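Reviewing the structure listed below.
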Amino acid sequence: MSAPTDVSGAATGYRPGHTLPIRVELIRQLRRRRVQITLAFMAILPFILLGAFKIGNGSSNRNSGQLVDLATSSAINFVVFALFAAAGFLLIVVVALFFGDTVASEASWSSLKYLLAIPVPRGRLLRQKAIVAGLMSLAGLVLLPAVGLVVGLIWYGDGDMVSPTGEALPFGMALGRLGLGVVYLAINLVWVAGLALLLSVSTNAPLAAVGGAVLVSIVSEILDSITALGGLREYLPTHYAYAWADLFSTDIDWGDMARGVLSASLYGVIFTALAARRFATRDITS
Amino acid sequence: MVVVVLAVAAGAAVWYHRRQATATATTVHTQDETISVVDGPALDQHVKLDATVYLPQHTPAPAILISPGFGDTKNSVADQARQFAERGFVALAYTPRGFGDSTGQIALNSPDYEVTDARQLVSWLAGRPEVLKDAPGDPRVGVTGGSYGGALSLMLAGTDKRVDAIAPVITYNDLSQALVPNAATTGTVGQGTPAPGAFGPDGVFKRGWAGDLFAAGFTAQGSAGACGKFIAQVCQAYEQIATTGRADAQTVALLRRDSPVSVTSHITVPTLLVQGEQDTLFGLDQADANARQITAAGGKVKMIWYAGGHDGGSPSDALNQRIGDWLAYQLTGVGTDPGTGFSYDVQGSVRASGDNGAEPTVHTVTAAGYPGLTGGATQRQSIPLTGAANQLVLSPAGGAPAAVSGFPGLSGTLSAVAGRLTTDIPGEYAEFDSQPVSGQLLIAGASTVQLRVSSVPGQPSAGQAVLFAKLYDVAPNGTRTLPGAGVAPIRITGLPADGTPKTVTVTLPGVVQPVQSGHFLQLVVSTTDSNYAGLTTPSVLSVQLAGDGIAVPVVPGATGSTPLPWPQIIAIAVIVLLCLLAGIWLAARRRRGPDTDPELTEIPLVLNGISKSYPGGIKAVADLSFRVEHGQVVGLLGPNGAGKTTALRILMGLVRPTAGEIRVFGQRVRPGAPVLSRIGSFVEGSGFLPHLSGMTNLKLYWKATGRPAEQARFAEALKIAGLGDAVNRKVGNYSQGMRQRLAIAQSMLGLPDLLVLDEPTNGLDPPQIRDMREVLRRYAASGRTVLVSSHLLAEVEQTCSHVVVMHLGKLVAAGEVDEIVTGGETSFRVDDAERAADVLRDLDGIASVSDVDDDVRVEGEVHARLNGVPRSAAIDALVHAGVAVDQVGPRGRLEDAFLQLVGGESR
Numbered sequence: 017m018s019a020p021t022d023v024s025g026a027a028t029g030y031r032p033g034h035t036l037p038i039r040v041e042l043i044r045q046l047r048r049r050r051v052q053i054t055l056a057f058m059a060i061l062p063f064i065l066l067g068a069f070k071i072g073n074g075s076s077n078r079n080s081g082q083l084v085d086l087a088t089s090s091a092i093n094f095v096v097f098a099l100f101a102a103a104g105f106l107l108i109v110v111v112a113l114f115f116g117d118t119v120a121s122e123a124s125w126s127s128l129k130y131l132l133a134i135p136v137p138r139g140r141l142l143r144q145k146a147i148v149a150g151l152m153s154l155a156g157l158v159l160l161p162a163v164g165l166v167v168g169l170i171w172y173g174d175g176d177m178v179s180p181t182g183e184a185l186p187f188g189m190a191l192g193r194l195g196l197g198v199v200y201l202a203i204n205l206v207w208v209a210g211l212a213l214l215l216s217v218s219t220n221a222p223l224a225a226v227g228g229a230v231l232v233s234i235v236s237e238i239l240d241s242i243t244a245l246g247g248l249r250e251y252l253p254t255h256y257a258y259a260w261a262d263l264f265s266t267d268i269d270w271g272d273m274a275r276g277v278l279s280a281s282l283y284g285v286i287f288t289a290l291a292a293r294r295f296a297t298r299d300i301t302s
Numbered sequence: 044m045v046v047v048v049l050a051v052a053a054g055a056a057v058w059y060h061r062r063q064a065t066a067t068a069t070t071v072h073t074q075d076e077t078i079s080v081v082d083g084p085a086l087d088q089h090v091k092l093d094a095t096v097y098l099p100q101h102t103p104a105p106a107i108l109i110s111p112g113f114g115d116t117k118n119s120v121a122d123q124a125r126q127f128a129e130r131g132f133v134a135l136a137y138t139p140r141g142f143g144d145s146t147g148q149i150a151l152n153s154p155d156y157e158v159t160d161a162r163q164l165v166s167w168l169a170g171r172p173e174v175l176k177d178a179p180g181d182p183r184v185g186v187t188g189g190s191y192g193g194a195l196s197l198m199l200a201g202t203d204k205r206v207d208a209i210a211p212v213i214t215y216n217d218l219s220q221a222l223v224p225n226a227a228t229t230g231t232v233g234q235g236t237p238a239p240g241a242f243g244p245d246g247v248f249k250r251g252w253a254g255d256l257f258a259a260g261f262t263a264q265g266s267a268g269a270c271g272k273f274i275a276q277v278c279q280a281y282e283q284i285a286t287t288g289r290a291d292a293q294t295v296a297l298l299r300r301d302s303p304v305s306v307t308s309h310i311t312v313p314t315l316l317v318q319g320e321q322d323t324l325f326g327l328d329q330a331d332a333n334a335r336q337i338t339a340a341g342g343k344v345k346m347i348w349y350a351g352g353h354d355g356g357s358p359s360d361a362l363n364q365r366i367g368d369w370l371a372y373q374l375t376g377v378g379t380d381p382g383t384g385f386s387y388d389v390q391g392s393v394r395a396s397g398d399n400g401a402e403p404t405v406h407t408v409t410a411a412g413y414p415g416l417t418g419g420a421t422q423r424q425s426i427p428l429t430g431a432a433n434q435l436v437l438s439p440a441g442g443a444p445a446a447v448s449g450f451p452g453l454s455g456t457l458s459a460v461a462g463r464l465t466t467d468i469p470g471e472y473a474e475f476d477s478q479p480v481s482g483q484l485l486i487a488g489a490s491t492v493q494l495r496v497s498s499v500p501g502q503p504s505a506g507q508a509v510l511f512a513k514l515y516d517v518a519p520n521g522t523r524t525l526p527g528a529g530v531a532p533i534r535i536t537g538l539p540a541d542g543t544p545k546t547v548t549v550t551l552p553g554v555v556q557p558v559q560s561g562h563f564l565q566l567v568v569s570t571t572d573s574n575y576a577g578l579t580t581p582s583v584l585s586v587q588l589a590g591d592g593i594a595v596p597v598v599p600g601a602t603g604s605t606p607l608p609w610p611q612i613i614a615i616a617v618i619v620l621l622c623l624l625a626g627i628w629l630a631a632r633r634r635r636g637p638d639t640d641p642e643l644t645e646i647p648l649v650l651n652g653i654s655k656s657y658p659g660g661i662k663a664v665a666d667l668s669f670r671v672e673h674g675q676v677v678g679l680l681g682p683n684g685a686g687k688t689t690a691l692r693i694l695m696g697l698v699r700p701t702a703g704e705i706r707v708f709g710q711r712v713r714p715g716a717p718v719l720s721r722i723g724s725f726v727e728g729s730g731f732l733p734h735l736s737g738m739t740n741l742k743l744y745w746k747a748t749g750r751p752a753e754q755a756r757f758a759e760a761l762k763i764a765g766l767g768d769a770v771n772r773k774v775g776n777y778s779q780g781m782r783q784r785l786a787i788a789q790s791m792l793g794l795p796d797l798l799v800l801d802e803p804t805n806g807l808d809p810p811q812i813r814d815m816r817e818v819l820r821r822y823a824a825s826g827r828t829v830l831v832s833s834h835l836l837a838e839v840e841q842t843c844s845h846v847v848v849m850h851l852g853k854l855v856a857a858g859e860v861d862e863i864v865t866g867g868e869t870s871f872r873v874d875d876a877e878r879a880a881d882v883l884r885d886l887d888g889i890a891s892v893s894d895v896d897d898d899v900r901v902e903g904e905v906h907a908r909l910n911g912v913p914r915s916a917a918i919d920a921l922v923h924a925g926v927a928v929d930q931v932g933p934r935g936r937l938e939d940a941f942l943q944l945v946g947g948e949s950r
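Chains A and B, in that order, are what the protein sequence lines are. The opening residue of the first sequence carries number 17 in this note's numbering; numbering runs sequentially from there. The opening residue of the second sequence carries number 44 in this note's numbering; numbering runs sequentially from there.
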């Protein structure tokens, strides 16, 4: 029989700070088919793009000098195009998927109540799950450019990155900028993570949380395309989604990126705080 | 939460900061005016000019005169004028003579007409009390305008000393060179500035643009006749050029007199020249000429080349802001000295989202000064060109087919592709290529090249040559781009028919073009261009390079001019800091001591007045109190909906009670209370990760507790689950019963002191139910405590030592099972119930007898409260009375007691 070891009356060996270790939560998540497929897709996407460029070689219009036409000019160009293509929707879906799944999927499996009965303190549960979702999102976000870089280096070489403004950045410098771009994307997607987390603690249906976050981002993108809204569009969370493209010139204009980071972190903090508050006070009935 | 709100508020404040800075809209009063002026060579023509004056909030203020482009009225500059007034200037926008509601005819910025009118507008401003004056009759005034209006500002500054500063935009220096240019000269071309034009005599008529431009005057409202609204001299000059394709001396003289070049030697005021890089009408060479002439005259010149022009769009809001800043400094001294620097835009083709939607990406290069004017001469990189020797080109009869270099005025989104809509006609051009450039080459200005041109003996000769030189940027895949769609028209006169060559220096169009590594330059010299009036008589020419190659201007500058966005960076830092503080605060709050009742530390469970009501007044649990003592197996009994599960959820810290408290081993239960670690639970169904095996689920669950593995007792738990090999299969494939057993096994991991099971036998088959019963009994026997909820009465009766009966959220009864079950009554199964009842009633000491039970009516049954009378005595009495007794026992089952307790309303 286990006797209480401290004034809190807890069972022997129980310490709140040791519950649901990151490693355990990672194992629980990484064995999911959904997670495996998503991460695998991020790794495969560069090959799909490569195939598309190879097949579409004959009819490609390389005249316009746009990113898509520059994509095959160097490894970095290839990666930048892959990220550019993914930034609008795919990355948002991936982040929404990982974060929207956190609590809602446990609720849908009815396993949430048993985790809370261990007890994993609610704040800690949310934190550990958010950290793991963040790690997986980051893995996806890094996997795409990393595999893309290898693919690009093999097929397109380590030539200068040619920016859409016609500037040439040497490979080393462009690689550094690419790293910064990935960092910016990671920060810029924080708002999606926060929103998906908030929806995840508010529903027992994981897909509702994921879909809700994606839906909001789509609405934001649609509104962002209405130029008549003028300056109001700056308050849309997706407005600065492509600001990282500013990195690929010798003179970096940090203005939009700083605003993008500020906007995303504000939305992220608000959504995450609401999620934490909601989860802390909510009755678990699943 | 407070900290988060603060963080959000602080961040938002900085975020909005940028907008507030620009959104200080002030009241602007406007007055429409009709200003009468007198002009003409003899100062005898009365003209009424339609104007609007925009008055700022505070007067007197410096004035800005704004003149619109050719064919436009004051309305086209209304926004600009209003912005100037918002900045605190008196802005006067007007429609020049011959256009809109202004009277008179178009004289093309003639010193006798439009320029005279403008001088009288300056006088009119001097007469306004709202305008700040340098001296009586001399207002503090700046002049700006685009194209036609820009030229007017130059000409006014050259003829009226009262003008204090000018900012001409996309305008010309010499209209004769803009409309009938010759980019070749047998003389030398100054190489000091980046974009010189050869400005040779007897040029080639820029047919496409001239037609578009003059149409505004020919088709203007109220015009009739061949000359439209033009004055006769201008009309004649245009007809002369348009019909012959060449400008005679008289026409050239008229055009030069009506151009800034006639007065630039008198301009000494600060001048901001803004010229477009996409401009085949007034190219960079026109601004270059203005800059040289004004600097020579003593004026201070600042130069801006922007990504736009007559072919590519108006200045952006940001550029207009810069123009406004420059004028503000010149007229009021407010702000930082914009100096005499030079900046040019490098345009890409990817569409980024900008203020006006999708825009090509642009970055700006800033140099300390315009080379050749301040600082040293322009660096020119010599790039060797090679081509086939002695290339012969045909100038076809009639000038057709003609090469296409672009379309005049093609603007907006098409400008990005305009440079690619080019065709050259085979046989009509000579071609000279460079090697691919190794690094990036950023051409900024007009390249120059020397050509040797000759007639070919034995072939037709026109006695002259008209050629069009173009410099392409060619990608490795062969895609050619003609930067700015620029063409350098060349006319070489007096070309001997015997083949004696003439050597000319050609100034190619001024462009800003980033030539990427691996691309090469290609000089094409063609005999035709669809936008120009070339030769119509056929001839054959030989075109050769005279020099080594092409001299490409390069203007190094700082590209790192974008300031860091400090307000945003600080706001981000503040948010990060506040989040850290919030984290520390939350961590400190969590370290609150436990709420312990020392008297109850040995009591597994005490519920005290627990209530749970939901919004809408539904009460799931009402004032529930009971105790569970050590070693008991307690059944929580009640029909579906009695509130059993809610009570258990509250006990697990999953649901917050609206009133009351629960103590487990003396510790108050809250969500996440550490004492919950001593409870093993199975509440309302199993909860497993379907993609993992039963074994992995249990292992990961235990790992999630963070407790030592040896405490788990997996073997014992697995034995209870009794899943055999199935424990290694995915839970997703389990039956309901298998999951149930696995969940109960999970609840027993670590042998918790208090085991809480909600309907544990649901979905189990009878042998399993029997085993479960045994498991629970043994579990309690080992000194632990079990709380089982069920709606199955028999289950509780057979498993539990104690029972708590709930109904409609309330406690109905609590106590030992036997006590509740019997209630002291004995039931007899007899053949004649009525007679038996009578017999029993007659027995001494029997409290009550009933044969017709209201609740349970079973044929042939009699119930009696024996009240201490031995059962054997009662049986004896019955037998003696001749009643056949079939069965005797404690009354009914828990079922009966339960139904009695919950009362009739449940049925």
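A virtual CB, placed ideally from N, CA and C, is assigned to each residue, including glycine. The structure displayed is predicted, hence computed values, not measured ones.
On the DSSP letters alone, give me the boundaries of the beta strand (DSSP E) that residue i sits inside.
i: valine 597 of chain B; result: 582–597
i: isoleucine 213 of chain B; result: Premise fails: isoleucine 213 of chain B is in no beta strand (DSSP E) and is neither H nor E.
Along chain B, which residues have their Cβ under 9 Å away from the Cβ of residue i?
i: lysine 129 of chain A; result: Arg692, Met695, Leu697, Ser724, Val726, Glu727 and Gly730
So, does the CB of residue i fall closer than 7 Å to a CB anywhere in chain A?
i: aspartate 898 of chain B; result: Interpretation of aspartate 898 of chain B is limited by its pLDDT of 47, a score under 50 that renders its predicted location unreliable; no figure is taken from the coordinates.
i: glycine 749 of chain B; result: yes
i: isoleucine 40 of chain B; result: Since the first residue of chain B shown is 44 and the last is 950, residue 40 of chain B is not available in this structure.
i: phenylalanine 261 of chain B; result: no
i: glutamine 483 of chain B; result: yes
i: phenylalanine 563 of chain B; result: no
Between residue i and chain B, is there a C-beta pair that is closer than 7 Å?
i: tryptophan 125 of chain A; result: yes
i: serine 218 of chain A; result: no
i: serine 24 of chain A; result: yes
i: aspartate 299 of chain A; result: yes
i: proline 253 of chain A; result: no
i: serine 281 of chain A; result: yes
i: isoleucine 134 of chain A; result: yes
In chain A, which residues lie with their C-beta within 7 Å of the C-beta of residue i?
i: proline 757 of chain B; result: A small fix is needed here, since residue 757 of chain B is phenylalanine in this sequence, not proline. None at all; the shortest Cβ gap to chain A is about 15 Å.
i: proline 658 of chain B; result: Simply none; closest approach about 11 Å.
i: serine 560 of chain B; result: Asp176 and Ala184
The alpha helix (DSSP H) that contains residue i, what's its start and end?
i: glutamine 811 of chain B; result: 809–824
For a minimum of 4 consecutive residues, which ranges assigned as the alpha helix (DSSP H) are wholly contained in the segment 93–126 of chain A?
106–125
What residues from the segment 716–737 of chain B come within 8 Å of chain A, judged by C-beta to C-beta, listed N to C?
Ala716, Pro717, Val718, Leu719, Ser720, Arg721, Ile722, Ser724, Val726, Glu727, Gly728, Ser729, Gly730, Phe731, Leu732, Pro733, His734 and Leu735
List in chain order: all unbroken beta strand (DSSP E) runs of 3+ residues lying wholly within the segment 737–779 of chain B.
none
Taking a Cβ distance cut-off of 8 Å, strictly less, list which residues of the segment 195–224 of chain A are near chain B, in chain order.
none
Segments of 4+ residues assigned as alpha helix (DSSP H) that fall wholly inside the segment 174–246 of chain A:
187–204, 206–218 and 222–240
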